Amino acid sequence: MKEFVIQRYRTDTSKGNSRPTLLRIDDEGKVLFADQNAEAVLGYEASELVGGVVHKILASREDDPFAPVNRHRIESGRNALVTFRHKEGFFYTACISLRISMRDSDEAASARIIQQDSAAIDPRLLRSAESAAGFGIWELDIASNQIIWTEGLYRLLELQPCTDMTPEQALFYCQSGQERIRALFRRCARTGTPFTIDLDILTARHRRIRATLSGRALKAGGRIGKLGGTLVDLTGEMQRDEARTRAEQILCATTAASPGLIAAVDKNLNLLHCNAPYARLFASIFGATPRVGDNLSKLLAKHPNERHLLEQLWQRAFEQGNFIVDMPITQQSGEWPVYEFHYQRLTDNPNSAKSETIGAVVVASDTSSRASNSDDSEYRYRHDPVTGLANRREFTARLQRSREQKGGESAGNSLLYLNLDGFGHVSSVAGNGACDRYLRELASSLDVRSRTQDTLARLSGDTFAVLIENCTEPAARKIADDTLNLIRHFVFEWQGSQLQTTASGGLLIIDKTTPAEPEQLLGQAADLCHDAKTSGRNRVHTAHYSRPKTETSDGNEYVDQIRSALDQQALILEFQSLKPVASATWGDHIEILCRIPGNGEQEQWLQPDQFLPVAERFDLAKRLDRQVILQTLTWLGDHRLLEPRLKYCGFNLSLASVLDDTFADFMESVLRVSNYPAECFCLEIREPHATQYPDEVTVLCDALHRIGCRVALDGAGASVASFGLTAKLPVDIIKLDRSLMLRLGDDPVQQIMVEALHRIAQEAGKITVATFIENDDILRKVRTLGLHYGQGFRLCPPKPLTELVPVAVDLSTGRIGG
């Protein structure tokens, strides 16, 4: 709380000619008291000010006495000129000064720390400190040869306080170094040299402890009259050292008895421990014997490929906790023994949920005998001899089992088919031997980064496959993208040059209706991979499984038409208007429709039901969505007169765009250079996609809203989930499904469902649109139910986008618009 003295400021009169007023204000700016002069100075009576805020009488926030610019000046004892607002409305200047400043009850009290003279310390505090810290203080009078101990020293030696003894008797408790202690005392008394020595002491109760004895000369009048120091108990550290030594002895004996490879590192890959088999194998491969304290990355500086792989393995152990990986190891003899590596993370407190990672340990065993045993050829039968991964036979078997398992029907599975781009060039440059090493190192990197439940296989020379189990489609897409990024950034150093390539992939989404024939699934994934390769390489094409059709020639022809239209930016755009049915609304409301032109002049356009399945099958839907938006914005940019009238322009989104994390960034970039405001544009998301991926749709809605666009839920009412989506999904517009509208005129159940959806949307602040209004009966019912907009052939059929023109206005000077 502060008391301020306020006085009108006048340059033509002395300060004594005007009466000041006193205001008491708390630290939150609330007026607690005003004296009887408040009305003369401020224009308000005291009762009008008390209980209000001081900002009421100030001209601006800058005039607040608590503002930094004024507070520092006032608290330093100087006056501040502040502009006030009179009750009558005019402004005037007043001089404000601080009279009293005191702490409010809720304000922290100020405090300070000063050094206390040791002579004034309470002896009880000294005894408490000695007991807690385990030390005692001694003092030797040289002239009388008398030693004074504090209680802490008696406690250390487990003696009764005030027990009579001589210095020689005290030395008896030291198990060794008695002569050295005498020499240190004599030298300190003679030259003043301080000393510190660690001692093993046997207490009065025959308990062995370790302590540090320290001493220094205490001078008086320039002469050494006394010696003083401390005896500090270090028994805890001694016990910890002994326990650590015992643990190291047990660890060394255990690892020495193991025929496998054992090593432990810290988070910087400094070697904490390794057994003899690990050191021998490391030395035989890399020509350097590892020792405790060596950094593994530095030891492998001349072997960059192996160093990268080793760093990835240890890093995965730090992040994941534990995992197992089978990996062949190249030796100078040319052999590739297969080892099974078990990695385990090390933490500072394994029993705590907040433990921190301090390193990792690996235990490896040679499984070559199992793989090469003639009596056990199953391993070689199911694994690739070069990479150690599962081969095509094993992969198809696991794919078959995953489809047949009952629990796999409800979980999401995906099949990623990968083919290296231009690997033949690597083979021609480096030869078969280097190619095998390249594939082995790449396979190891892929295996390290793959999830534990997934299956990685090498199907043929430069072709791999990943079975992604129990994973949603968005997560599977991210795994596919991450895999391609890993391959693109994988560098294999060979004879001073760097070998590097990319990969093309096909991601096949498998659902519960997908058949269990592995070869069919691999065939469709391979087709997607081939499509990605022919589309430019270094990309993944994604699609859901579709049953093979006999008329594949039409599908291939449609693909060529779609690609040609996209490459030439020649999509045919139409629009269909949304008309207000309950009340008049100014402006154009349209939805953009797309058609694919034919190959020849006589060819008919492809309708959505013809080209959309093909576009999704060959992963062209996302590119198609973006091209529709780009062509529309380009056309609108050439027709600036439409800008005031265009109130709604809707675009349909495919599932690929809904799950695309970069789509919102794309919209923001194209709208940034557009002359039309972002709120004009609406992205329409299908109800089945929102039902299947509600979290992803919510994230997309939030991102589009931040840009300024609107979002519509298209096809609402097709399922029971529509009611929950209408209420909770952050969309702006609800477009009712065709199935609700076709029999709206004569089906009471449909009318109830439409009315319920409309009411839910209204309560949530959303607009409703009735689609497929084909006749007058449906239109009358839509008006009766109070829906906001209607769309359909009865109101406006689709028209070419070129017919969307501004309204023509004839003036005496000519025509505007049209």
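Read in order, the letters of the sequence shown are residues 20 to 837 in the working numbering. Ideal placement from N, C-alpha and C gives every residue a C-beta, glycine not left out. Quick caveat, the model's predicted, so the values are computed rather than measured.
Subject >> Where E126 sits in the DSSP three-state scheme >> reply: Residue placement at E126 cannot be trusted, given a pLDDT of 46 that sits under 50; the coordinates are not used to answer.
Subject >> Beta-bridge partners of D285, as assigned by DSSP >> reply: According to DSSP, which records beta bridges pairwise, D285 is partnered with G378.
Subject >> Rounded straight-line distance, which links the Cα of S163 to that of R143 >> reply: In this structure, the straight-line span from the alpha carbon of R143 to that of S163 is close to 28 angstroms.
Original post:
What's the C-alpha gap between L502 and L465?
Top reply: In the sequence on display, residue 502 carries Thr and not Leu. So the two alpha carbons sit approximately 7 angstroms from each other.
**OP:** Kindly give me the distance between the Cβ atoms of I529 and S433, rounded to whole angstroms, as I take these residues to be in contact under 8 angstroms.
**Re:** Correct: roughly 6 angstroms between the Cβ atoms.
Original post:
Where in the region 599-635 do unbroken runs of the beta strand (DSSP E), each at least 3 residues long, occur, reported from the N-terminal end onward?
Top reply: List check, beta strand (DSSP E) in window: 607-614.
Subject >> Helix, strand or coil at Y457 [DSSP, three-state] >> reply: Reduced to three states, the DSSP call for Y457 is helix.
Subject >> Residue nearest to D586 in terms of C-alpha spacing, selected from Y564, A562, V50, R642 >> reply: Taking the Cα of D586 as reference, the smallest distance to any Cα among Y564, A562, V50, R642 is reached at R642.
**OP:** Work out the CA separation of L232 and T210 for me, nearest whole Å.
**Re:** Those two C-alpha atoms are separated by around 18 angstroms.
**OP:** Specify whether the region 355-375 and the region 305-322 touch according to this definition: at least 3 beta carbon pairs, one from each stretch, less than 8 angstroms apart.
**Re:** Taking 8 angstroms as the limit for Cβ pairs, the verdict is that the region 305-322 does not touch the region 355-375.
Original post:
If H560 and G525 are in contact, beta carbons under 8 angstroms, what's the gap, nearest whole angstrom?
Top reply: Between G525 and H560 the Cβ distance is about 6 angstroms, and since that is below 8 angstroms, they are a contact.
Original post:
Which value, in whole angstroms, describes the spacing of the CA atoms of A320 and E687?
Top reply: If I take the Cα positions, the gap works out to 45 angstroms.
Original post:
Got a sec: does the ligand SAM put a non-hydrogen atom nearer than 7 angstroms to the Cβ of D83?
Top reply: What this structure holds is no ligand at all, so the ligand SAM is not there to describe.
Subject >> Q134 - DSSP class collapsed to helix/strand/coil >> reply: Because the pLDDT at Q134 is just 49, under 50, the model does not fix this residue reliably, and the point stays unresolved.
**OP:** Look up D440 in the DSSP assignment and say whether it is helix, strand or coil.
**Re:** Strand, per DSSP.
**OP:** Determine the direct distance from the alpha carbon of A544 to that of S469, and round the result to whole angstroms.
**Re:** So the alpha carbons of these two residues sit roughly 19 angstroms apart.
Original post:
Since K818 sits in a beta bridge, which residues does DSSP pair it with?
Top reply: In the DSSP secondary-structure assignment, K818 is bridged to F594.
Original post:
Taking one C-beta from the region 242-257 and one from the region 277-284 each time, how about it: are there three or more such pairs within less than 8 angstroms?
Top reply: The region 242-257, when compared against the region 277-284, does not touch it at the 8 angstroms Cβ threshold.
Original post:
For D586, which three-state DSSP category applies?
Top reply: Judged by DSSP in its simplified three-state form, D586 adopts helix.
Original post:
Going by Cα to Cα distance, which pick from G96, S66, V101 is closest to H74?
Top reply: Out of G96, S66, V101, V101 has the C-alpha closest to the C-alpha of H74.
Subject >> Local conformation of Y362 per DSSP, three classes >> reply: Reduced to three states, the DSSP call for Y362 is strand.
Subject >> Exposure label - H444; buried when at least 16 CB within 10 Å >> reply: Exposed: under 16 other Cβ atoms inside 10 Å.
**OP:** Identify, in the order they occur along the chain, each residue of the same chain with its Cβ nearer than 7 angstroms to the Cβ of H322, setting aside the five sequence neighbours on each side.
**Re:** Taking H322 as the centre and dropping the five residues before and after it, the same chain places the C-beta of F305 closer than 7 angstroms to its C-beta, in chain order.
**OP:** Please state if the CB of A584 and the CB of L590 are separated by a distance shorter than 8 angstroms.
**Re:** Against a cut-off of 8 angstroms, the Cβ pair of A584 and L590 comes out as a contact.
Original post:
DSSP three-state call for E512: helix, strand or coil?
Top reply: In the structure shown, the three-state DSSP call for E512 is strand.
Subject >> Same chain only: Cβ atoms within 8 angstroms of D500, ignoring 5 sequence neighbours per side >> reply: Result list for D500: V559, in chain order.
Original post:
Considering only residues of the same chain and omitting the five flanking positions on each side of G71, which have a CB-CB separation below 6 angstroms?
Top reply: Within the same chain, G71 has close Cβ partners V50.
Original post:
Counting pairs of beta carbons, one from the region 796-809 and one from the region 755-767, are three or more of them closer than 8 angstroms?
Top reply: Verdict: yes, contact present.
Original post:
Using CA coordinates, which residue listed in L61, L176, D644 is at the minimum distance from L702?
Top reply: Of the candidates L61, L176, D644, D644 places its Cα closest to the Cα of L702.
Subject >> Residue(s) in a DSSP beta bridge with L61 >> reply: Bridge partners of L61: none, in fact.
Original post:
With 16 as the cutoff for other CB atoms within 10 Å, does E822 come out buried or exposed?
Top reply: Exposed is the label assigned to E822, since fewer than 16 other Cβ atoms lie within 10 Å of its Cβ.
Original post:
Quick one: complete alpha helix (DSSP H) runs, 4+ long, within the region 153-183?
Top reply: The region 153-183 contains these whole alpha helix (DSSP H) runs: 170-175.
Subject >> 8 angstroms CB neighbourhood of I161 in its chain, flanking five on each side removed >> reply: Apart from the 5 residues on each side of it in sequence, I161 sits with its Cβ closer than 8 angstroms to the Cβ of A208, I243, G244, K245, L246 in its chain, given in chain order.
**OP:** Please classify R299: is it buried, with 16 or more other beta-carbons within 10 angstroms of its beta-carbon, or exposed?
**Re:** Per the 10 Å Cβ criterion, exposed.
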